[in-house]
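Report on the structure given below.
In my numbering, the protein residues as written are 1 to 401.
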């Protein structure tokens, strides 16, 4: 991951954490909008709406006004289009050398300095607002210097406990799922869908049982604890000998997918599908280019893995794919017609998965397929990029370093 991409992710993580803290510290009646119409966070009460934009400058040694020209101009522009609304504008920023909790206000000199900027990206905003009276906006605008991400998380832990969450589950279960909930709300299309109340969040968190491994929770400082909890949770069903399991794995999610997938499948079979009592054939559905998929079948064959890909004379036959393998003993050796079923990800594959229900469906991809029927099956949806981490949570290795 590039440095700029990492900074972007950390910025979102900081924003989600600040949003979560606003929810936890708010009143029961306050409506918090994630990714609001105005700013990153909107806190609406009967009297006023507080619009908050977050900026995380972990690597900046010193605060300068120029670092926040753009958000100031954006807020100013919104104010002049909605000057009759009761809105307070807050810029919540972190700079390592600024004292936490201190506030800064805009002066007329600051406004003049901003409008003298030669930044081409700000030209339109400057031209649109430079001739307006900004006295009232300055009264409503505040810069607040926030804590580091680590300190912000400590405040969240404290707030979670104060709101009745069990302290023992904070780092591995409650906190990660809180962040995941905020992240899920942030991508919903309609503003009303992104509104959350404290009581609703707390009720939802009390019902959470599964550790969350998503695009966002895997970036948290507590990832190791999340991984270990997930491994413990998955072990309950993975240790059951007779259990039908499906795997849907995306090439876009797994790093070095083509280099690792064959080894992963073989190691899974060695761990979980080698005894006579292992009577449910695992299904691997691979979301990858067709040429890579066909190459994987060839490589499995060279590894002496017997695959049912459902093909008859080069044409996929559903009936052949869904049948169970012939099993029996030859002399003292156990014989199985095939070791796994392999299918290329498409609508037909999802249709078969929906029709022939499994007990556990493991999905290693960013988003659940919209057509997937999740009723009456155990869904384990995880966004993990590294194959070693997948092996770890699946109980196939003792470490992921």
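Built from N, CA and C at the ideal position, the CB exists for glycine as well.
Computed from a predicted model, the values in this text were never measured in an experiment.
Kindly indicate which three-state DSSP category residue 339 falls into: helix, strand or coil? coil
From the DSSP output, which residues share a beta bridge with residue 21? Looking at the DSSP assignment, residue 21 forms no beta bridge with any residue, so it has no partner.
Can you list, in chain order, the residues of its chain whose CB lies under 6 Å from that of residue 63, leaving out five sequence neighbours each side? 95 and 98
If we cut at 8 Å on Cβ distances, does residue 179 have a partner in chain D? Of the protein chains in the structure, only one exists, and it is not chain D.
Counting along the chain, where does the beta strand (DSSP E) carrying residue 371 start and finish? No beta strand (DSSP E) holds residue 371; DSSP gives it neither H nor E.
For residue 94: DSSP bridge partner residues: 56
What residues match up with residue 315 in a beta bridge as DSSP calls it? 312
Quickly, what does DSSP pair residue 87 with across the bridge? List them, please. 49
Run of the alpha helix (DSSP H) containing residue 102, from where it starts to where it stops: From DSSP, residue 102 is part of no alpha helix (DSSP H); its letter is neither H nor E.
Among 276, 258, 229 and 227, whose alpha-carbon lies nearest the alpha-carbon of residue 242? 276
Do you know offhand how far residue 251's Cα is from residue 368's? 14 Å
Take the Cβ of residue 214 as the centre, count every other Cβ of all protein chains shown within 10 Å, and call the residue buried at 16 or more, exposed below. buried
Along the alpha helix (DSSP H) that carries residue 250, what are the first and last residues, could you check? From DSSP, residue 250 is part of no alpha helix (DSSP H) but of the beta strand (DSSP E) over 245 to 250.
Under the three-state DSSP convention, the category residue 364 falls into: strand
Cα-Cα separation between residue 122 and residue 70, rounded to whole angstroms: 7 Å
Looking only at C-alpha atoms, which of 386, 299, 284 and 261 sits nearest to residue 247? 284
Between the CA atoms of residue 376 and residue 343 - distance to the nearest angstrom: 22 Å
What residue from 195, 232, 253 and 336 has the CA that sits closest to residue 416's CA? Shown here, the chain extends from 1 to 401; a query on residue 416 therefore has no answer.
Determine whether the beta carbon atoms of residue 128 and residue 77 lie at a separation below 8 Å. yes
Under the DSSP definition of a beta bridge, which residues are partnered with residue 31? 44
Close-in-space but distant-in-sequence residues of the same chain around residue 102 (CB under 7 Å, 5 per side omitted): 145
Who are the Cβ neighbours of residue 320 in its own chain at under 8 Å, not counting the five residues just before and after it? 308, 310, 311 and 312
Let me know the secondary structure DSSP gives residue 145 once reduced to three states. strand
Taking 8 Å as the cut-off, decide whether the C-beta atoms of residue 112 and residue 50 are in contact. no
Among 357, 354, 374 and 381, whose alpha-carbon lies nearest the alpha-carbon of residue 365? 381
Taking the alpha-carbon of residue 236 as reference, which of 395, 135, 25 and 264 has the nearest alpha-carbon? 395
Report the partner residues of residue 444 according to the DSSP bridge assignment. The question about residue 444 has no answer, for the chain in this structure spans 1 to 401.
Under the three-state DSSP convention, the category residue 197 falls into: coil
With residue 67 as the anchor, note down where its alpha helix (DSSP H) starts and where it stops. It is not in any alpha helix (DSSP H) - residue 67 carries neither H nor E in the DSSP assignment.
What are the start and end residues of the alpha helix (DSSP H) that includes residue 348? 347 to 355
Residue 141 beta carbon near the ligand GTP (any heavy atom closer than 7 Å): The model on display carries no ligand, and the ligand GTP is accordingly not part of it.
How is the alpha helix (DSSP H) around residue 301 delimited, first residue to last? 290 to 302
Taking the continuous alpha helix (DSSP H) assigned at residue 137, which residues delimit it? 135 to 140
For residue 266, name the three-state secondary structure that DSSP assigns. helix
Measuring straight from C-alpha to C-alpha, what distance separates residue 40 and residue 20? 12 Å
Pairs of beta-carbons, one from the region 344 to 361 and one from the region 317 to 332, closer than 8 Å: are there three or more? yes
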